[in-house]
Amino acid sequence: MSPSEVPSRRIEVREVRPEEIPWVRELAVRSVIHGIPGSRDIPAAEVQRRADQEFGDLELAFRTDPGFRILVAADAHRPLGYLMLDLNHREASTGETQALIRDLAIEPAAWGSRAVHALVRQAARLAYQHGLRYLVGEVTAANRRPLVVAQRLGFVIERHQIAVQCGPEGLLPMPGRPGPDLEVSGPEGCQE
Ligand SMILES: CC(C)(COP(=O)(O)OP(=O)(O)OC[C@H]1O[C@@H](n2cnc3c(N)ncnc32)[C@H](O)[C@@H]1OP(=O)(O)O)[C@@H](O)C(=O)NCCC(=O)NCCS
12 MSPSEVPSRR
22 IEVREVRPEE
32 IPWVRELAVR
42 SVIHGIPGSR
52 DIPAAEVQRR
62 ADQEFGDLEL
72 AFRTDPGFRI
82 LVAADAHRPL
92 GYLMLDLNHR
102 EASTGETQAL
112 IRDLAIEPAA
122 WGSRAVHALV
132 RQAARLAYQH
142 GLRYLVGEVT
152 AANRRPLVVA
162 QRLGFVIERH
172 QIAVQCGPEG
182 LLPMPGRPGP
192 DLEVSGPEGC
202 QE
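Going by the numbering used here, the sequence shown opens with residue 12, and the numbers climb by one from there.
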């Protein structure tokens with residue numbers, strides 16, 4: 012499938028089906044590397060191992076917590092991407108309950124399909140139906156794609172995360188990403 016074929020697809024957004032959970036987990040683990048800040052030297056494989064373990068908690072939340080939802084965008088043939096939504100998130104400064112995009116990913120073959128736009132719009136509608144006024148998410152500074160999408164959809168940047176390394180004398184520069192031998196190989200291992 013070439014990217015130019017993608018936009019003509021008809022995309023629907025719906026709640027995840029139980030049989031799609033293993034695919035969500037696998038895509039989430041593949042995609043987690045895009046969220047690693049460019050300033051940190053943790054190996055991608057270690058982050059992916061942790062993400063795989065943590066997915067068990069998310070799966071439990073999905074099964075037991077009505078405020079935790081997983082939406083899936085799909086075309087006529089297959090699921091294209093997912094959005095995990097927490098409808099009980101609290102904004103740290105104001106205390107307002109709001110909707111949080113816990114995680115979001117599209118299959119690389121469907122990047123550019125606009126499935127992400129459909130997912131985010133549906134998440135906003137769902138949040139509104141639950142009496143929530145705001146939809147928020149966190150984006151890693153080096154990860155340009157979601158930032159571009161979010162700003163196009165009308166999201167504003169509300170907060171910056173700052174980080175510095177700690178050393179015996181005080182502050183040290185952040186280490187940066189490790190060399191390529193410690194990163195996942197192939198296109199899915201690339202940082203944007
Ligand atoms: C983030 C994600 C959901 C976005 O979906 P997508 O289908 O790739 O998004 P789109 O193609 O509609 O839009 C991305 C835009 O960013 C642009 N872009 C990509 N890299 C860019 C860069 N380095 N600088 C500026 N713009 C960039 C693309 O060209 C595109 O714009 P266009 O429509 O004008 O071509 C998807 O890329 C993904 O799953 N990424 C991996 C997981 C991830 O990062 N999740 C987000 C966690 S917050």
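Quick reminder that beta carbons are idealized off the backbone N, C-alpha and C, glycines included. All values derive from a computational prediction rather than experimental measurement.
Any heavy atom of ligand 1 closer than 7 Å to the Cβ of residue i?
i      : result
ALA116 : yes
ASN99  : no
GLY49  : no
HIS45  : yes
VAL160 : yes
ARG60  : no
SER104 : no
TRP34  : no
PRO90  : no
ARG21  : no
VAL150 : yes
ARG132 : no
VAL127 : yes
ARG136 : no
ARG155 : yes
GLY123 : yes
Between the Cα of residue i and those of the options, spot the shortest distance and give me the residue it belongs to.
i      : options                        : result
ALA87  : ALA116, ARG113, ILE22          : ILE22
PRO119 : ARG28, GLU37, GLU31, GLU180    : GLU37
ALA121 : HIS128, LEU91, PRO179          : LEU91
ARG80  : ALA126, VAL175, VAL131, MET185 : VAL131
GLN176 : PRO186, ARG170, GLY78          : PRO186
LEU96  : PRO157, ALA72, SER104          : ALA72
ASP76  : ASN99, VAL27, SER104           : ASN99
ARG156 : LEU94, GLY123, PRO184          : GLY123
ARG188 : GLU57, LEU164, THR105          : GLU57
PHE166 : LEU158, GLU107, ARG74          : LEU158
ILE117 : THR105, ALA55, LEU94           : LEU94
SER42  : PHE66, VAL27, GLY106, ARG125   : PHE66
VAL35  : GLN109, GLU70, ALA103, ARG144  : GLU70
THR108 : ARG170, GLY78, ARG89           : GLY78
ASP68  : LEU183, ARG28, LEU143, ARG113  : ARG113
GLY148 : ILE44, GLU102, PRO33, GLY181   : GLU102
Rounded to the nearest angstrom, how far is the Cβ of residue i from that of residue j, given a contact under 8 Å?
i      : j      : result
VAL127 : LEU111 : Contact doesn't hold; Cβ gap of about 16 Å is too wide.
ALA135 : LEU146 : 5 Å
VAL24  : ALA129 : 5 Å
GLU31  : VAL83  : 6 Å
Tell me, please, whether the segment 44–55 touches the segment 141–152 by the rule of three or more beta-carbon pairs shorter than 8 Å. yes
Take every Cβ of the segment 121–141, pair it with every Cβ of the segment 58–65, and state whether three or more of those distances are shorter than 8 Å. no
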